[in-house]
Amino acid sequence: MAGNFTAALDYTELATTWLGANSVTLDDLDGTVNIDLTDADDMIAGDVFVTGTDAVVMTDSFDNTVDYSLYNTTSLGGASVTLADADDTATIDLTDAGNLGGTGEAKFNGLVVLTVADEFDDNFNYAELSNAYLGANSVTLVDDDNSATIDFTDVGNLGGAGEAKFDGNVNLTLFVTDAEAATIGNNTANYTAAFLGAASVRIEGDGAITLTKTQLDNLRLAGIQFTGLDDITLSVSDADVTAIALNAGNYATGTINSASTTLDLIDNTVTLSVTQLDLLRYGPGDLQFASTDVITIAGDDADLDQVAQNSSDYGTAAIGGASVMLDGDGSVSVTQDHLLGLLDEGVTFNPNLTNGDVVTVLTGTGGVDTGDIDVAQLAARAAEYSAMAPRGMTILDDGAVNVSKNGLDALRNAGIRFSGGEAILISGASDADVGLILGAQSNYTISALGGASVTIDGDGSIGILRQVAQSMITNGLSFKDDNVTIGTINDIGVSAITSDAVNMANLTANGGTVTIDDSRNAVTITLEQATTLFNAGISFAATDALTISGQFTSTTNYAMFGALGGLSVTLNDSDDSARITQVQYDTYEGTDFTFHNSDVLTFQAVTGGENFDGTDYNIPMRVGITAGSQSSSFLFNDVDGDFAFTDGVDTFTANNIAGVLVIDNFDPVNDDDVLDLSTFDLSNLTDNNATFINTAVSEIGEGEYATVRGNYAGGTFTYNSTGTDLLALWDANPSAGDVTMVGVVLTNTTALTVGTSFIFG
Numbered sequence: 005m006a007g008n009f010t011a012a013l014d015y016t017e018l019a020t021t022w023l024g025a026n027s028v029t030l031d032d033l034d035g036t037v038n039i040d041l042t043d044a045d046d047m048i049a050g051d052v053f054v055t056g057t058d059a060v061v062m063t064d065s066f067d068n069t070v071d072y073s074l075y076n077t078t079s080l081g082g083a084s085v086t087l088a089d090a091d092d093t094a095t096i097d098l099t100d101a102g103n104l105g106g107t108g109e110a111k112f113n114g115l116v117v118l119t120v121a122d123e124f125d126d127n128f129n130y131a132e133l134s135n136a137y138l139g140a141n142s143v144t145l146v147d148d149d150n151s152a153t154i155d156f157t158d159v160g161n162l163g164g165a166g167e168a169k170f171d172g173n174v175n176l177t178l179f180v181t182d183a184e185a186a187t188i189g190n191n192t193a194n195y196t197a198a199f200l201g202a203a204s205v206r207i208e209g210d211g212a213i214t215l216t217k218t219q220l221d222n223l224r225l226a227g228i229q230f231t232g233l234d235d236i237t238l239s240v241s242d243a244d245v246t247a248i249a250l251n252a253g254n255y256a257t258g259t260i261n262s263a264s265t266t267l268d269l270i271d272n273t274v275t276l277s278v279t280q281l282d283l284l285r286y287g288p289g290d291l292q293f294a295s296t297d298v299i300t301i302a303g304d305d306a307d308l309d310q311v312a313q314n315s316s317d318y319g320t321a322a323i324g325g326a327s328v329m330l331d332g333d334g335s336v337s338v339t340q341d342h343l344l345g346l347l348d349e350g351v352t353f354n355p356n357l358t359n360g361d362v363v364t365v366l367t368g369t370g371g372v373d374t375g376d377i378d379v380a381q382l383a384a385r386a387a388e389y390s391a392m393a394p395r396g397m398t399i400l401d402d403g404a405v406n407v408s409k410n411g412l413d414a415l416r417n418a419g420i421r422f423s424g425g426e427a428i429l430i431s432g433a434s435d436a437d438v439g440l441i442l443g444a445q446s447n448y449t450i451s452a453l454g455g456a457s458v459t460i461d462g463d464g465s466i467g468i469l470r471q472v473a474q475s476m477i478t479n480g481l482s483f484k485d486d487n488v489t490i491g492t493i494n495d496i497g498v499s500a501i502t503s504d505a506v507n508m509a510n511l512t513a514n515g516g517t518v519t520i521d522d523s524r525n526a527v528t529i530t531l532e533q534a535t536t537l538f539n540a541g542i543s544f545a546a547t548d549a550l551t552i553s554g555q556f557t558s559t560t561n562y563a564m565f566g567a568l569g570g571l572s573v574t575l576n577d578s579d580d581s582a583r584i585t586q587v588q589y590d591t592y593e594g595t596d597f598t599f600h601n602s603d604v605l606t607f608q609a610v611t612g613g614e615n616f617d618g619t620d621y622n623i624p625m626r627v628g629i630t631a632g633s634q635s636s637s638f639l640f641n642d643v644d645g646d647f648a649f650t651d652g653v654d655t656f657t658a659n660n661i662a663g664v665l666v667i668d669n670f671d672p673v674n675d676d677d678v679l680d681l682s683t684f685d686l687s688n689l690t691d692n693n694a695t696f697i698n699t700a701v702s703e704i705g706e707g708e709y710a711t712v713r714g715n716y717a718g719g720t721f722t723y724n725s726t727g728t729d730l731l732a733l734w735d736a737n738p739s740a741g742d743v744t745m746v747g748v749v750l751t752n753t754t755a756l757t758v759g760t761s762f763i764f765g
């Protein structure tokens, strides 16, 4: 059927049923069939089709109530179906849009201002919302809840020339891959809210997005944020990090709305100041570093002290990274508690052997000096501390430090030294420890350990060889208060100890003793050596029989011989004639020493009222009585009045019994003891009984002497009694013209031989 077909016709009358035709095809003489929606519905209902060469133009008011799937070349025929809105404005939904613009589908005439209102997501092909595809003058998208998530392909079909864009109210989320995020960052102009017609634009990845600083800057400046669900990693250079630190707030998680923001160094290393790091991590930035990055914090002592005081803020747990290293000016001082904090946080120091940091460990807590270093704690983790400061670590203590051998070994093996002022005490050293220390002394010197001195605290009693003792002196080692026994095997060893007696004595202190123990159990030394050892406080073992040779006189310090110890002390006078004073005798009688049996011992009496015991020294005894050292005066009682000494009758009584000088066990026969009165210049009489007796005063004559046998036990000496004692009487004042009759009692002796056992002139 040919003609001019317009909306003025009633197309129900062209239906096949109306016309009784098998089919009805319209062929417009102008090539265009102009109808409205009602006409189109009638044509479809009546099986009326437009010839395939004609264009169908439908003019009406179009909206989302129209079922656009009904109007196409299949249902209406014709070469094309074009929609002409009566007022050139139409609002449709995505379902409608899905039935427009495709092959054989209707599309608008290019004049309509089209609005597509619906819930938008990434399940629609936004290329099919373009002006050209839908035949619109413009396409505006209106989201029902003003929130839409689309993908990178979708956003590529929005906002451009001839492309749809949103109405300015939607909060748009772009779901992207890393590469797509980078693309957006490199060309943000096509992804801004203004370009896409959005109220805001956010990017969301699969939980992690990696960008460069430039890309993030572009996004940030374009107002494009993240959804808060992604961990953002910035691949950056050192220069980028410096720039970020200056404006850390611009990269904060709150600013860019990230779950976290991590800086990943391109070369995996970065050097920052404390200030820069604070801005990044603890200031407005709240940024961390990638787990592969080595972070160096450079600064002076004050800067690094800040790090040390707040170590938990600068470890990898706080700022990320593979490791954190401090780089000072070559020498860094840190209190022990701060150092421990750094160690626990994995913070290390610059290991460079040329310009790295030597760390000094100070006493104290919180940067304040509070006393001793806890050396045991340092020793327990010495290997870790050594790895922490490869260029070296030094302990600076207030003075004394106590450390076990094992602890000291750990410190030394780790290269941790003391600063030089510490008195190092190796505490709790067992015998085995002491043996190991003394067997490797070079490991325990101040050269090896530092410090000012090294002292060993053993278990109380230490035995060492003389050579070991000398090595200890050479190496500056000593014991705290242990009793030290030095073993010798010959006189050379004893002489060596004596030659260095002061240093040997200083091998121990605080009440500890030094004892020589000779394997021969017999030692001979000179008086000079004995004096040296005594002055040094060194003695001999209880098994050593000690012989001391020299000249022993009344000026000799006999007190030292008892202090020298030993099994016994024998004094061997070099000229076989030793001298000892009465006071010395009284002090040391029978206790500290004896004289050699080749010596003759001269006792020098000083005052009366003394007792000498000739058996105490087991050698010949020479008792010298001098002026001013007489015994008590004796009074003669001529009982029978015969003016002579009468056996068993006459008596001699001391005027002061307490002042009598008594020589016990005097033995001129067997021991060659001698009573020497030569200083008085007495008469050389041979018959003691013929000695002149002054009848008036009952005394011996001027310058004479007598010996009287008797018994002294009762206090009164009776001449020639049954007793076994002897009283030697003499004039103690022979040149004064008068007589002072004094005497000395010799017990267990009844006779003296003039010139050999009784020397009087």
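Whatever position you read off the sequence shown (first residue = 1), add 4 for the numbering used here.
The beta-carbon is built from N, C-alpha and C at its ideal position, and this holds for glycine as well.
Classify glutamine 292 as helix, strand or coil using the three-state DSSP reduction.
Reduced to three states, the DSSP call for glutamine 292 is strand.
Can you grab the Cα-Cα spacing for the pair aspartate 840 / valine 498, in whole Å?
Any answer about residue 840 is impossible in this case: the structure gives the chain only from 5 up to 765.
Can you tell me the Cβ-Cβ gap for aspartate 671 and glycine 714, rounded? I've got them flagged as a contact below 8 Å.
18 Å between Cβ atoms; not a contact.
Quick one: Cα of methionine 564 to Cα of glutamine 471, how far?
26 Å
In three-state terms, what does DSSP make of leucine 233?
coil
Given leucine 442, which residues of its chain have a CB within under 6 Å of its CB, disregarding the five upstream and five downstream residues?
If we look at leucine 442 and ignore the five residues flanking it on each side, its Cβ neighbours are Val472.
Measure the alpha-carbon distance for alanine 534 versus asparagine 494 and round it to whole angstroms.
16 Å
Could you pull out every residue in the same chain whose Cβ sits closer than 8 Å to the Cβ of serine 204, ignoring the five residues on either side in sequence?
Closer than 8 Å at Cβ, skipping near neighbours: Asn175, Leu176, Ala197, Gly227 and Gln229.
Which residue from Ala44, Tyr318, Gly163 and Asp31 puts its Cα closest to that of glycine 7?
Asp31
Identify every residue that forms a DSSP beta bridge with valine 743.
Answer is none; valine 743 lacks a bridge partner.
Rounded to the nearest angstrom, what separates aspartate 642 and valine 664 at their Cα positions?
21 Å
Given alanine 256 as reference, the closest of Leu291, Thr246 and Ser84 once Cα atoms are compared:
The candidate whose alpha carbon is nearest that of alanine 256 is Leu291.
If you run the structure through DSSP and keep just helix, strand and coil, what is phenylalanine 9?
Reduced to three states, the DSSP call for phenylalanine 9 is coil.
Applying the criterion that 16 or more other CB atoms from any shown protein chain within 10 Å of the CB defines a buried residue, is glycine 166 buried or exposed?
So glycine 166 counts as exposed.
List the residues that DSSP assigns as beta-bridge partners of glycine 554.
Asp577
Hey, would you say alanine 386 sits closer than 8 Å to leucine 343, going by beta carbons?
no
Roughly how many angstroms separate the alpha carbons of alanine 252 and leucine 400, rounded to a whole number?
40 Å
Along the chain, where does the alpha helix (DSSP H) containing isoleucine 413 start, and where does it finish?
It is aspartate, not isoleucine, that sits at residue 413 in the sequence shown. Aspartate 413 -> alpha helix (DSSP H) spans 409-417.
Lysine 169 - DSSP class collapsed to helix/strand/coil
Lysine 169 falls in the strand class under three-state DSSP.
Quick check: the Cα distance between methionine 745 and glycine 705, rounded to an integer number of angstroms?
9 Å
Taking valine 3 as the reference, which of Ala83, Ile96, Asp685 and Ala662 has the closest Cα?
The structure shown has nothing for residue 3, since the chain only spans 5 to 765.
If we count the other Cβ atoms within 10 Å of its Cβ and call it buried at 16 or more, is leucine 338 buried or exposed?
Residue identity check: residue 338 is valine in the sequence provided, not leucine. It counts as buried.
Can you tell me where the beta strand (DSSP E) holding leucine 30 begins and where it ends?
28-32
Give the straight-line distance between the Cα atoms of aspartate 331 and serine 431, rounded to the nearest whole angstrom.
36 Å
Let me know if aspartate 309 comes out buried or exposed under the rule of 16 or more other beta-carbons within 10 Å of its beta-carbon.
buried
Label glycine 106 either buried or exposed according to how many other C-beta atoms from any shown protein chain fall within 10 Å of its C-beta, with 16 as the threshold for buried.
exposed
Simplified DSSP assignment, three categories, for tyrosine 716
coil
Counting C-beta neighbours from all protein chains within 10 Å, is the total for isoleucine 270 16 or more, i.e. buried, or is it exposed?
exposed
Minimum length 3: unbroken beta strand (DSSP E) runs contained in the stretch 454-482
457-460 and 465-469
Kindly list the residues whose CB is nearer than 6 Å to the CB of threonine 517, restricted to its own chain and excluding five residues on each side of it in sequence; keep chain order.
Asn487
What are the boundary residues of the beta strand (DSSP E) that glutamate 208 is part of?
202-208
Under a Cβ-count criterion, where at least 16 other Cβ atoms within 10 Å of its own Cβ denotes burial, should glycine 81 be classed as buried or exposed?
buried
Beta carbon of leucine 178, beta carbon of lysine 169: below 8 Å?
no
With a cut-off of 8 Å on the beta carbons, I'd call aspartate 3 and threonine 751 a contact; round off their distance for me.
Given a span of 5 to 765 for the chain in the structure shown, any question on residue 3 remains unanswerable.
Sub-8 Å separation of valine 120 and aspartate 92 beta-carbons
no
Among residues of its own chain, excluding the 5 on either side of glycine 419, which ones have a beta-carbon nearer than 6 Å to its beta-carbon?
Ser390
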